[in-house]
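Participant:
Chains as they are written, first to last, in the numbering used here: chain A, 143 to 496; chain B, 143 to 496; chain C, 143 to 496; chain D, 143 to 496.
1) The beta strand (DSSP E) spanning residue 286 of chain A covers which residue range?
2) Mind pulling the beta strand (DSSP E) runs of 3 or more residues that sit fully within the segment 219-290 of chain A?
3) Look at the Cβ atom of residue 386 of chain B, then the Cβ atom of residue 317 of chain B, and state whether they are nearer than 7 Å.
4) If we count Cβ pairs, one from each stretch, closer than 8 Å, do we get three or more for the segment 456-473 of chain D versus the segment 373-392 of chain D?
5) Terminal residues of the continuous alpha helix (DSSP H) containing residue 305 of chain D?
6) Applying the 10 Å Cβ sphere with the 16-neighbour rule, what's the burial state of residue 363 of chain B?
7) Please classify residue 328 of chain D: is it buried, with 16 or more other beta-carbons within 10 angstroms of its beta-carbon, or exposed?
8) What is the rounded straight-line gap between the Cα of residue 243 of chain A and the Cα of residue 442 of chain C?
9) Identify every residue that forms a DSSP beta bridge with residue 388 of chain C.
10) Given a limit of 8 Å on CB to CB distance, which residues of the segment 425-453 of chain D reach chain A?
11) Buried or exposed for residue 248 of chain A, please, with buried defined as at least 16 other CB atoms from any protein chain shown within 10 angstroms of its CB.
12) At a Cβ cut of 7 Å, what residues of the segment 319-347 of chain C count as close to chain B, listed as they run along the chain?
13) In chain B, what lies closer than 8 Å to residue 198 of chain C by C-beta?
14) Using a Cβ cut-off of 7 Å (strictly closer), state whether residue 383 of chain D contacts chain B.
15) Please determine if the segment 451-469 of chain B and the segment 151-162 of chain C are in contact, where contact requires at least 3 C-beta pairs separated by less than 8 Å.
16) DSSP has residue 171 of chain C in a bridge; who is on the other side?
17) On the premise that residue 466 of chain B lies in contact with residue 380 of chain B, defined as a C-beta separation below 8 Å, what is that separation, rounded to the nearest angstrom?
18) Leaving out five residues on either side along the sequence, give the residues of the same chain with a beta carbon under 8 Å from the beta carbon of residue 265 of chain C.
19) Would you list the one or two residues that DSSP bridges to residue 177 of chain A?
20) When the distance is taken between beta carbons, is residue 262 of chain D closer than 7 Å to residue 312 of chain C?
21) The ligand SAM and residue 446 of chain C: does the residue's C-beta get closer than 6 Å to at least one heavy atom of that ligand?
22) Who are the near neighbours of residue 199 of chain C in its chain, counting only those whose CB is closer than 6 Å to its CB and skipping five residues on each side?
23) Do you know whose CA, among B:496, B:428, B:352, lies nearest residue 445 of chain B's CA?
24) By DSSP, does residue 371 of chain B sit in helix, in strand, or in coil?
25) At 8 Å on the CB atoms, spell out the chain A contacts of residue 455 of chain B, in chain order.
26) Could you pull out every unbroken beta strand (DSSP E) segment of at least 3 residues lying fully inside the segment 410-479 of chain C, listed in chain order?
27) Assess contact between the segment 331-344 of chain D and the segment 369-379 of chain D, defined as three or more Cβ pairs (one per stretch) separated by less than 8 Å. Is contact present?
28) Within its chain, find whatever has a CB closer than 8 Å to the CB of residue 421 of chain B; leave out the 5 residues flanking it on each side and keep chain order.
29) Quick one: is residue 128 of chain B buried, meaning 16 or more other Cβ sit within 10 Å of its Cβ, or exposed?
30) Could you run through the segment 182-197 of chain B and flag, in chain order, every residue whose CB is less than 7 Å away from some CB of chain D?
31) May I ask you to list the residues that DSSP assigns as paired with residue 365 of chain B?
32) Residue 359 of chain A by DSSP, collapsed to three states: which one?
33) What three-state label does DSSP hand residue 396 of chain A in the structure shown?
34) In three-state DSSP terms, what is residue 339 of chain B?
35) Tell me residue 87 of chain A's beta-bridge partners as DSSP assigns them.
Shown next as structure tokens:
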């Protein structure tokens with residue numbers, strides 16, 4: 143089959159660059175348009191971008207002309223990926239959806255809209271049904287799907303099997319987040335070299351809220367029923383490049399019979415979308431590590447091209463019930479990679495068609 | 143008055159170097175002997191040491207001859223500071239105490255001995271009374287006093303006012319510890335540059351246990367009554383040089399009326415040893431910071447020569463009752479500096495005499 | 143005597159903060175005014191600044207009101223220190239000089255003006271005579287004195303004794319510069335963590351040119367006679383916080399008799415301004431290190447409060463004549479510290495008076 | 143064809159791990175034996191190794207049994223790759239060569255032996271003829287081939303076209319070397335975090351000498367004629383993980399007509415072994431970068447799987463003739479990767495047969 147023609151909005155930003163890196167040889171998607179701010183519009187992509195990915199700009203992309211983010215300028219697109227800043231995403235993403243172009247967005251703007259799926263394929267693949275309740279495009283062709291915050295993704299993935307087996311009531315989370323999570327230029331080197339910043343603006347409320355929407359039950363009436371889970375987060379920035387590490391202590395409704403039972407739960411996690419054989423799906427969405435010193439951002443964030451969430455240090459807790467650490471690649475599994483996986487799921491489920 | 147003649151055991155190690163740096167111009171103490179392993183004994187100190195402090199070796203120390211750690215070789219000492227490795231501290235420290243030389247130790251070996259004070263002057267200054275129950279030296283002259291683990295110090299200092307005001311029942315703690323905490327050579331650069339290691343061997347049990355001894359009540363019978371506090375710790379290593387940062391969520395017996403009340407509690411913390419005017423005592427043992435981005439290891443670990451514990455991000459918690467972060471300089475406030483402050487307290491209380 | 147009343151221009155920037163840190167308890171100078179951009183004018187200093195120094199803002203400074211950089215708003219100043227950006231320094235600094243207020247500037251704008259001293263007290267203290275040729279203020283009271291670029295300072299200091307003894311004809315220099323040299327926010331952490339950037343915009347021409355003006359001979363006609371020294375520089379940025387390290391290979395006119403002779407030359411360097419006993423002058427402006435692994439930025443940049451230039455790895459070169467490395471604290475010895483030392487020299491020489 | 147059966151000596155070390163990572167799915171070579179010290183012999187590889195590569199241990203390797211480094215214990219090998227420490231390599235490598243097993247070594251021990259090729263395929267592919275002069279194995283089957291030091295590789299590669307076109311007479315080199323170059327545990331994090339060490343023991347003589355052997359002319363009598371090139375090196379360690387950066391200023395016999403001519407020389411570099419189509423050969427052994435800020439270790443060391451040497455900042459020099467920077471991946475292009483490429487060349491040239 144011919145590939146879907148995709149546009150990338152916010153193509154010169156850090157997330158946009160990651161989209162290009164991950165998509166430029168994708169079997170299902172073909173980059174057909176690059177959208178950025180007016181300042182970049184009209185330039186060759188290679189001239190408009192301050193390329194920071196550790197590979198060279200794909201040659202076919204380097205010579206493309208950047209366009210303004212206007213659906214009228216990008217005819218014949220099957221979908222767009224959005225790496226837009228929150229400051230402009232609300233209007234632009236809606237304009238594409240209204241124009242009949244599905245938007246797979248990494249921006250936060252529509253994440254809490256009750257008709258917009260906040261999607262991680264391994265966590266809540268059925269939430270795509272919410273799309274039918276959207277009103278952007280009466281024809282039903284244009285819609286918006288979002289992925290969660292870069293911490294919420296690995297947190298929800300690690301909580302999914304625990305919640306199903308035991309019920310999660312509360313979690314105390316500390317994050318050690320890498321500098322790539324702040325975009326570019328992002329964190330000043332003078333602030334973070336040999337240092338820790340014990341606060342990331344706007345991050346903790348997302349970590350507290352988004353996993354709850356992800357773990358919601360889709361009711362028969364098409365609405366989400368949110369679980370009662372209380373999450374207390376302290377988000378810190380540490381001098382790592384890629385990969386967000388989380389320490390988690392979780393309170394459960396039912397007690398595990400043993401720590402070995404919980405280990406087996408993670409080891410035997412059944413990926414609900416495994417049957418679709420999606421191109422970007424990792425073989426191990428969750429990987430349990432036995433070495434106490436693992437997982438580590440620099441060594442394990444890139445496992446399976448950055449799509450694996452590693453879980454380690456699993457142990458019973460003296461305060462709550464269970465303690466562990468989790469690691470996810472923030473710009474892949476927590477941003478561009480999960481967005482692409484979401485798009486692949488939408489193809490498999492028939493929401494994306496040509 | 144003439145100064146106390148002090149020896150430093152483990153003088154070539156990282157803690158020993160910090161002792162020298164902090165003591166070489168101390169108003170009460172005069173470095174009179176340097177003890178190290180047989181390998182170093184007989185050498186000039188400057189030749190025996192791989193000096194890593196960011197100042198030059200004090201000239202008067204550089205030319206001293208290193209001795210083996212044997213009290214018979216070091217007559218006329220009034221006390222020794224021990225930065226010995228745990229592998230050798232048990233025997234050597236006891237030999238000094240038996241020889242009538244008080245030992246102010248940073249080693250872990252005697253911390254849990256019920257007759258040995260685990261001491262932080264601002265937390266439990268009366269625990270020095272335990273010394274009278276020791277049996278190392280029938281004359282009562284020689285004894286051992288220890289300071290806690292480098293995380294337990296700032297944690298106990300931050301919990302002290304909370305426990306007094308509200309009762310602490312439990313705490314979930316994540317530590318972000320600097321590489322200097324592992325000594326020298328310590329952590330391999332290949333392991334920690336741009337990375338986090340989510341485990342530090344032997345650290346978490348100390349964090350769980352030592353604050354409880356520190357917060358114990360000294361009963362009339364001379365024994366310690368330990369409080370029921372459950373601490374769940376996850377200890378991580380991050381690429382910082384000095385300063386351990388802690389994120390803490392605490393469960394309290396009584397609820398604070400408001401977060402402002404807790405703020406005021408920290409701001410008005412009354413230092414129980416302030417009246418002694420000890421030379422190494424900081425003006426602010428606990429410093430409350432209002433900027434969400436503070437405290438930070440590289441910027442605040444050295445406040446008041448590394449003796450201040452900074453507390454920040456104070457807020458009510460949705461899971462337990464109170465959340466905050468704390469920062470302490472691990473090799474000063476958490477090791478050599480607190481040991482020296484302990485010795486100063488012992489002078490003020492009359493336990494150290496010439 | 144009462145202290146000189148000084149203003150700090152660019153007081154909220156990185157260099158301005160360093161000025162405040164170094165001056166707030168200075169024996170000769172008293173901070174009487176803080177100048178910054180219109181955006182900050184009228185605010186309390188503590189509210190206007192993003193304070194990045196690793197100490198707390200001095201309390202007396204925190205509550206001062208920031209003013210616009212206009213001499214009319216700052217009456218009764220004896221001099222100003224300028225940490226202004228190059229984009230605004232030309233006009234503002236001239237306005238102060240014209241108003242009769244001497245300007246001790248770290249900005250590059252007037253460094254190459256033939257009537258403006260480019261000054262490092264230990265290198266060219268007599269160049270202050272150029273002041274008399276300035277025409278900013280006909281009364282002679284207002285003038286401008288500049289200090290060199292942060293690399294040119296330690297380079298010129300290390301070349302000074304070599305040039306006097308042997309004649310320096312050429313030098314090949316590679317710099318390893320810390321991130322604080324780029325100001326704040328400066329270098330993005332994503333660009334420099336675990337990385338090297340082999341280029342610093344605008345830096346290499348300054349390194350090639352400024353040491354020549356510093357090593358010029360002041361002729362009887364009051365003009366500078368520049369030496370023929372060719373400097374080839376490659377300036378790189380490395381992930382260090384403070385301290386610029388230089389590797390240098392130098393071609394000499396006359397050959398040293400031995401490397402020991404050169405060692406002795408550095409060891410016996412005679413500070414031409416030693417007799418003034420300036421408050422900020424280090425005991426060792428140049429310190430020769432014998433350990434091959436020294437000097438190191440993190441361990442030695444702060445020697446003598448950051449005013450010492452360390453020289454190490456001194457050896458004969460197979461290509462040119464002499465090879466060595468040098469280290470200077472870029473924001474102290476290479477910026478605010480040398481500017482203050484310059485002002486102290488101007489007091490000692492009688493150029494600054496009340 | 144069936145694959146060559148290869149052994150890896152020093153399999154648990156840092157270079158050995160890189161050999162395994164690069165070889166475990168190699169089209170021509172199959173890992174058939176793992177050799178290490180007596181301490182590891184008899185253990186499962188996964189139990190013997192402290193695995194530090196940022197991928198998981200290949201499953202087929204994890205369960206292999208480590209053997210002592212004795213050719214009698216490893217029958218049926220076609221060749222061995224040696225990542226042995228210099229302290230043991232002389233004897234062990236000779237024992238394999240004498241037993242008729244070719245040794246492709248990264249150790250320094252035999253690099254200067256006049257009968258042992260010091261080989262980089264793109265630089266001196268004909269030097270393999272030296273093998274015929276070796277006397278380890280009278281049958282001619284066993285021999286030793288070495289690769290250069292990790293700095294000498296990119297330096298010689300960058301000098302090759304310059305030497306051919308203009309004649310290189312001298313070079314002043316400063317290296318900024320990553321911590322992986324020191325093996326594991328290697329550099330202590332306390333020594334290098336936020337720091338530079340201006341010395342690497344034993345490194346500078348290799349950088350001065352090895353490129354000369356690499357650029358030698360193989361005379362008709364089978365001996366190497368070394369060129370007169372004087373190299374002055376200052377080797378520094380910086381806090382990067384992988385990739386050694388070099389700044390180079392070169393004196394040439396003949397002057398380039400223009401810098402554009404030199405640019406074109408690098409762009410049109412003709413790889414002398416391109417015709418063999420070796421599996422590990424990069425498409426661009428030398429890649430010229432135009433952006434002044436490039437190449438950078440973290441962003442460009444891994445280009446073409448770490449086998450590309452990047453050259454940038456090419457410009458005429460005011461002191462000598464030409465200045466540039468070069469970057470090579472030290473553990474791939476400068477160690478395990480070049481060794482494998484050497485073995486591939488030996489297959490293509492018929493020196494390695496089954």
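Just so it is clear, CB atoms sit at the ideal spot from N, CA and C, and this is done for glycine as well.
Just so you know, these numbers come straight off a predicted model, no measurement behind them.
Facilitator: Let me lay it out:
1) In the first chain, the residue the question calls residue 286 of chain A occupies position 144. Residue 286 of chain A -> beta strand (DSSP E) spans 286-288.
2) 221-224, 245-247, 286-288
3) For the purposes of this step, residue 386 of chain B is taken as residue 244 along the second chain, with counting starting at 1. For the purposes of this step, residue 317 of chain B is taken as residue 175 along the second chain, with counting starting at 1. Going by C-beta atoms, residue 386 of chain B is nearer than 7 Å to residue 317 of chain B.
4) yes
5) Taking the first residue of the fourth chain as position 1, residue 305 of chain D is located at position 163. Note, residue 305 of chain D: alpha helix (DSSP H), 294-308.
6) Mapped onto the second chain, residue 363 of chain B falls at position 221. Exposed, by the Cβ-count rule.
7) The residue labelled residue 328 of chain D in the question sits at position 186 within the fourth chain. Buried is the call here.
8) Here residue 243 of chain A refers to the residue found at position 101 when the first chain is read from its first residue. Here residue 442 of chain C refers to the residue found at position 300 when the third chain is read from its first residue. Cα to Cα, residue 243 of chain A sits roughly 60 Å from residue 442 of chain C.
9) Counting from 1 along the third chain, the entry for residue 388 of chain C is found at position 246. For residue 388 of chain C, which the question treats as bridged, DSSP gives the partners C:317, C:468.
10) 440, 441, 442, 444, 445
11) Sequence index remark: in the first chain, residue 248 of chain A carries index 106 (1-based). Residue 248 of chain A comes out buried.
12) 335, 336
13) If you number the third chain from 1, residue 198 of chain C lands on position 56. Correct list: 445.
14) As a first step, residue 383 of chain D must be located in the fourth chain, where it is residue number 241. Yes - at least one Cβ of chain B is within 7 Å of the one on residue 383 of chain D.
15) no
16) Looking up residue 171 of chain C in the third chain gives position 29. In the DSSP output, where bridge partners are listed per residue, residue 171 of chain C has C:146.
17) Against the second chain, residue 380 of chain B aligns to sequence position 238. Against the second chain, residue 466 of chain B aligns to sequence position 324. Going by Cβ atoms, the distance from residue 380 of chain B to residue 466 of chain B rounds to 19 Å, so no, they are not a contact pair.
18) The residue you call residue 265 of chain C lines up with position 123 of the third chain. Result list for residue 265 of chain C: 298, 299, 302, 356, 357, in chain order.
19) Along the first chain, one-based indexing puts residue 177 of chain A at 35. Note: residue 177 of chain A sits in a beta bridge opposite A:151, A:209.
20) Here the question's residue 312 of chain C lines up with position 170 in the third chain. Here the question's residue 262 of chain D lines up with position 120 in the fourth chain. In this structure, residue 262 of chain D does not lie closer than 7 Å to residue 312 of chain C by Cβ.
21) The model on display carries no ligand, and the ligand SAM is accordingly not part of it.
22) In the third chain, counting from the first residue as 1, residue 199 of chain C sits at position 57. Contacts found: 188, 193.
23) Position 303 of the second chain, counted from the start, is the residue given in the question as residue 445 of chain B. Ranking B:496, B:428, B:352 by Cα distance to residue 445 of chain B puts B:428 first.
24) As a position in the second chain, residue 371 of chain B is number 229, starting the count at 1. Residue 371 of chain B: coil per DSSP, three-state reduction.
25) Stepping through the second chain from its first residue, residue 455 of chain B is reached at position 313. The answer, in chain order, is 340, 341, 376.
26) 428-430, 451-458, 464-470
27) yes
28) To locate residue 421 of chain B, count along the second chain from 1; it is residue 279. Taken in chain order, the residues that qualify are 168, 169, 170, 486.
29) For residue 128 of chain B there is no data in the structure shown, the boundaries of chain B being 143 and 496.
30) 194
31) Taking the second chain and counting its residues from 1, one reaches residue 365 of chain B at position 223. Looking at the DSSP assignment, residue 365 of chain B forms no beta bridge with any residue, so it has no partner.
32) Reading the first chain from its first residue, position 217 is the one you call residue 359 of chain A. The answer is strand: DSSP assigns residue 359 of chain A an E or B state.
33) The residue labelled residue 396 of chain A in the question sits at position 254 within the first chain. Looking at residue 396 of chain A - three-state DSSP - the assignment turns out to be coil, as it is neither helix nor strand.
34) On the second chain, position 197 is the one that residue 339 of chain B refers to. DSSP places residue 339 of chain B in strand when its eight states are reduced to three.
35) With chain A represented from 143 up to 496, any question about residue 87 of chain A goes unanswered, as that position is not in the structure.
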